[in-house]
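Chemist: Below is the structure I would like to discuss, written out as structure tokens.
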Amino acid sequence: MSLALLALAIGAFGIGTTEFVIMGLLPEVAADFQVSIPTAGFLVTGYALGVVLGAPLMTLLGTRVTPKRMLMLLMGLFIVGNVVSALAPVFGVMLAGRVVASLAHGAFFGIGSVVAADLVAPQKKAGAIAMMFTGLTVANVVGVPLGTYIGQSAGWRTTFVLVALLGVIGLIGVAKLVPEQPKPEGVRVRHELAAFRNVQVLLAMAMTVLGFGGVFAAITYITPMMTEIAGYSASSVTWLLVLFGLGMVGGNLVGGRFADRHLMPMLYVSLGALALVLGLFTVTAHNKVAAAVTIVLIGALGFATVPPLQKRVLDQAAGAPTLASAVNIGAFNLGNALSAWLGGLVIAAGLGYTAPNWVGAVLAASALVLAVVSSLLERRSAGAEGRIVAGSSPEAVAAPARH
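Positions 4 to 406 (this note's numbering) are the ones given, in order, by the sequence shown.
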């Protein structure tokens, strides 16, 4: 069973690497295709939008085949997309390759989580899911910095070829090590869609879009910001991304630890601190040491929001969590797309490479406002229900049962 989980983790490692590595290679890609940095940023936006669309679509398609076959299909899409990106003769073809690869992202993590949980005893399900997601975390500590270094040294196309090879290893691992399981039975699309009529589910997803979008507003353009403003060499971006990845790991662990016990306070603190740190990044980006420290904090605070936001969606969509969970993964990427686009706009407007940090600060602050609104609505709803129960006669309470 541990080998099956390892196969899933390898797939997650490849997906995480291809999603984030482009940020360290934007200048190289832009120069090769003779486009501007903001235009190259569409490679981030396009991938993110592909995840948004692909997560629900592929998850629903996955109900028609066995989980193992669907995971293999998803890894196949991932491989094809990265090969197309590596061989792209023009920018538009590379963008198409990024979108193809992105279609595998959300569904792989959604279906893979279910498979991982089914591989172990009930009391070990969370650990099995965490092991699969370890691949995504490690990608940001090892895969992304290494891919950035290889891309800057041997050409960005080499990086995408190697990522495609990771996909091949993941595909072989799933084919050989993941056991066959029956395809899902009794899944009703209408029942799954009903969760989206819940205002709290929509608010939680909006928080996901804005909160995580704040992180990507800054990180998407981290390479030109650090080389042009902080004064780092292009090769230094590699270890700066390692620092960002380490911050992600720490923040994810802290967020996961407190999500069960203090979910909303955890969101208040992490989103508020994230907005503050992103605002300060416009100043600290001018100093090498301060910039490095800020990058760690952005990674930590940004990913401290991930476990509570994901749990918030699952809690509010408890009756039909499968599609809602997959869509929320898409919501993270919608935030990535929105922030990358907005960051490109302010740079193109001549406001400088630190301007996306202000965009990120506003997005994170907006997520904090929604968190407060969500909590107030929840308290008001609970209070209203309490007053109805307390003020009703036994006959009134029993009345609905007669209809």
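Quick reminder that beta carbons are idealized off the backbone N, C-alpha and C, glycines included.
Beta-carbon within less than 7 angstroms of H289's beta-carbon, same chain only, minus the 5 sequence neighbours each way: which residues are those?
Modeler: Translated into positions along the sequence shown, residue 289 becomes position 286. Counting only Cβ-Cβ distances below 7 angstroms, and skipping sequence neighbours, we find I232 and A233.
Chemist: What residue from A367, V349, M75 and W242 has the CA that sits closest to I13's CA?
Modeler: Locating residue 13 in the sequence shown gives position 10, counting from the first residue. Of the candidates A367, V349, M75 and W242, the one whose C-alpha sits nearest the C-alpha of I13 is M75.
Chemist: For L149 and A104, I'd like the C-alpha separation in whole angstroms.
Modeler: As a first step, residue 149 is located in the sequence shown; it is residue number 146 there, counting from the start. As a first step, residue 104 is located in the sequence shown; it is residue number 101 there, counting from the start. L149 and A104: Cα-Cα distance of roughly 20 angstroms.
Chemist: With 16 other CB atoms within 10 Å as the buried threshold, where does V372 fall?
Modeler: By 1-based counting over the sequence shown, the position of residue 372 is 369. Exposed, since its Cβ has fewer than 16 Cβ neighbours within 10 Å.
Chemist: Does V245 pass the burial test, meaning 16 or more other C-beta atoms within 10 Å, or should it be called exposed?
Modeler: Position 242 of the sequence shown, counted from the start, is the residue given in the question as residue 245. With 16 or more Cβ atoms within 10 Å of its Cβ, V245 is classed as buried.
Chemist: Check each candidate in L312, Q155 and A207 and name the one with the smallest Cα separation from S238.
Modeler: Along the sequence shown, read from residue 1 onward, the residue named residue 238 stands at position 235. Out of L312, Q155 and A207, Q155 has the C-alpha closest to the C-alpha of S238.
Chemist: Below 6 angstroms CB to CB, which residues in the same chain sit around A351 once its five sequence neighbours on both sides are set aside?
Modeler: Looking up residue 351 in the sequence shown gives position 348. P41, listed in sequence order.
Chemist: So, at 7 angstroms on beta carbons, what are the nonlocal neighbours of I172 in its own chain, with the 5 sequence-adjacent residues on each side left out?
Modeler: Looking up residue 172 in the sequence shown gives position 169. Contacts found: I13.
Chemist: I need the boundaries of the alpha helix (DSSP H) containing P41, first residue and last residue.
Modeler: Residue mapping note: residue 41 aligns to position 38 of the sequence shown, counting from 1. That run of the alpha helix (DSSP H) goes I40 to A43.
Chemist: DSSP three-state label for Y152, please.
Modeler: Sequence index remark: in the sequence shown, residue 152 carries index 149 (1-based). Here Y152 sits in helix by DSSP.
Chemist: The alpha helix (DSSP H) with P227 in it runs from where to where?
Modeler: Residue mapping note: residue 227 aligns to position 224 of the sequence shown, counting from 1. First-last of the alpha helix (DSSP H) with P227: I225 to M228.
Chemist: What is the rounded straight-line gap between the Cα of G250 and the Cα of L300?
Modeler: Against the sequence shown, residue 250 aligns to sequence position 247. Against the sequence shown, residue 300 aligns to sequence position 297. So the two alpha carbons sit approximately 6 angstroms from each other.
Chemist: Taking the alpha carbon of R101 as the point to measure from, which residue in A89, A15 and G109 has its own alpha carbon closest?
Modeler: The residue you call residue 101 lines up with position 98 of the sequence shown. Among A89, A15 and G109, the Cα nearest to that of R101 belongs to A89.
Chemist: By Cβ distance, which residues of its chain are closer than 8 angstroms to A207, with the 5 residues on each side in sequence left out?
Modeler: Counting from one through the sequence shown, the residue named residue 207 turns up at place 204. Hits under 8 angstroms: L312, R315, V316, Q319, N331 and S377.
Chemist: Indicate whether A374 and L270 have their beta-carbon atoms separated by less than 8 angstroms.
Modeler: Mapped onto the sequence shown, residue 374 falls at position 371. Mapped onto the sequence shown, residue 270 falls at position 267. Contact: yes.
Chemist: For A10, which residues in the same chain have their Cβ closer than 7 angstroms to its Cβ, ignoring the five residues on either side in sequence?
Modeler: Within the sequence shown, numbered from 1, the residue matching residue 10 stands at position 7. Closer than 7 angstroms at the Cβ level, and outside the excluded window around A10, lie G173, G176, V177, L180 and V181.
Chemist: Going by the beta-carbon positions, is the gap between G248 and N360 smaller than 8 angstroms?
Modeler: As a working note, residue 248 is residue 245 in the sequence shown. As a working note, residue 360 is residue 357 in the sequence shown. No, they are not a contact pair.
Chemist: Y50 to R264, Cα distance in whole Å?
Modeler: Position 47 of the sequence shown, counted from the start, is the residue given in the question as residue 50. Position 261 of the sequence shown, counted from the start, is the residue given in the question as residue 264. Y50 and R264: Cα-Cα distance of roughly 34 angstroms.
Chemist: How many whole angstroms separate the CB atoms of G253 and A303, which I take to be in contact at a CB cut-off of 8 angstroms?
Modeler: On the sequence shown, position 250 is the one that residue 253 refers to. On the sequence shown, position 300 is the one that residue 303 refers to. Indeed they touch by this definition, with Cβ atoms about 5 angstroms apart.
Chemist: Quick one: Cα of P403 to Cα of L337, how far?
Modeler: Mapped onto the sequence shown, residue 403 falls at position 400. Mapped onto the sequence shown, residue 337 falls at position 334. Low per-residue confidence applies at P403: pLDDT is 44, beneath 50, and the placement is therefore not dependable, though the value from the model is reported in the following sentence. Approximately 42 angstroms, taken between the alpha carbons.
Chemist: I want to know whether the stretch 66–80 touches the stretch 109–123 - three or more CB-CB distances under 8 angstroms.
Modeler: Touching, yes.
Chemist: Looking at the structure shown, is V93 part of a helix, part of a strand, or coil, going by DSSP?
Modeler: The sequence position of residue 93 within the sequence shown is 90, counting from 1. Correct three-state label for V93: coil.
Chemist: Mapping the DSSP letters down to three states, classify A352 as helix, strand or coil.
Modeler: As a first step, residue 352 must be located in the sequence shown, where it is residue number 349. Coil, per DSSP.
Chemist: What are the boundary residues of the alpha helix (DSSP H) that includes I232?
Modeler: Taking the first residue of the sequence shown as position 1, residue 232 is located at position 229. Run containing I232: none; DSSP gives neither H nor E here.
Chemist: Applying the criterion that 16 or more other CB atoms from any shown protein chain within 10 Å of the CB defines a buried residue, is P310 buried or exposed?
Modeler: Residue numbering aside, residue 310 sits at position 307 when the sequence shown is read from its first letter. Flag for P310 reads buried.
Chemist: To the nearest angstrom, how far is the alpha carbon of Q184 from that of L139?
Modeler: For the purposes of this step, residue 184 is taken as the residue at position 181 of the sequence shown. For the purposes of this step, residue 139 is taken as the residue at position 136 of the sequence shown. Going by the C-alpha atoms only, they are around 24 angstroms apart.
Chemist: State yes or no: is the C-beta of F94 within less than 8 angstroms of the C-beta of F23?
Modeler: As a position in the sequence shown, residue 94 is number 91, starting the count at 1. As a position in the sequence shown, residue 23 is number 20, starting the count at 1. No.
Chemist: Do you know how far the Cα of G17 is from the Cα of L169?
Modeler: Within the sequence shown, numbered from 1, the residue matching residue 169 stands at position 166. Within the sequence shown, numbered from 1, the residue matching residue 17 stands at position 14. Approximately 6 angstroms between the Cα atoms of the pair.
Chemist: What does the Cβ neighbour count give for G333, buried or exposed, with the cut at 16 atoms within 10 Å?
Modeler: Residue mapping note: residue 333 aligns to position 330 of the sequence shown, counting from 1. Classification for G333: buried.
Chemist: What number of angstroms, rounded off, separates the C-alpha of M135 from the C-alpha of F306?
Modeler: Counting from one through the sequence shown, the residue named residue 135 turns up at place 132. Counting from one through the sequence shown, the residue named residue 306 turns up at place 303. Roughly 17 angstroms separates the two Cα atoms.
Chemist: If you count every other CB in all the chains shown that lies within 10 Å of the CB of L8, and 16 or more means buried, which is it?
Modeler: Start at 1 with the first residue of the sequence shown, and residue 8 comes out as number 5. Counting Cβ neighbours within 10 Å, L8 comes out buried, since at least 16 surround it.
Chemist: Work out the CA separation of A278 and G355 for me, nearest whole Å.
Modeler: If you number the sequence shown from 1, residue 355 lands on position 352. If you number the sequence shown from 1, residue 278 lands on position 275. Taking the straight line from one Cα to the other gives about 19 angstroms.
Chemist: What are the start and end residues of the alpha helix (DSSP H) that includes F36?
Modeler: Residue mapping note: residue 36 aligns to position 33 of the sequence shown, counting from 1. It spans S5 to F36 - the alpha helix (DSSP H) in which F36 sits, taken as one unbroken run.
Chemist: Straight-line CA distance for V365 to F199?
Modeler: What you label residue 365 is simply residue 362 of the sequence shown in a count that begins at 1. What you label residue 199 is simply residue 196 of the sequence shown in a count that begins at 1. Cα to Cα, V365 sits roughly 26 angstroms from F199.
Chemist: Exposed or buried, which one is A43 when buried takes at least 16 other CB atoms within 10 Å?
Modeler: Within the sequence shown, the letter at position 40 stands for residue 43. By the 10 Å Cβ count, A43 comes out buried.
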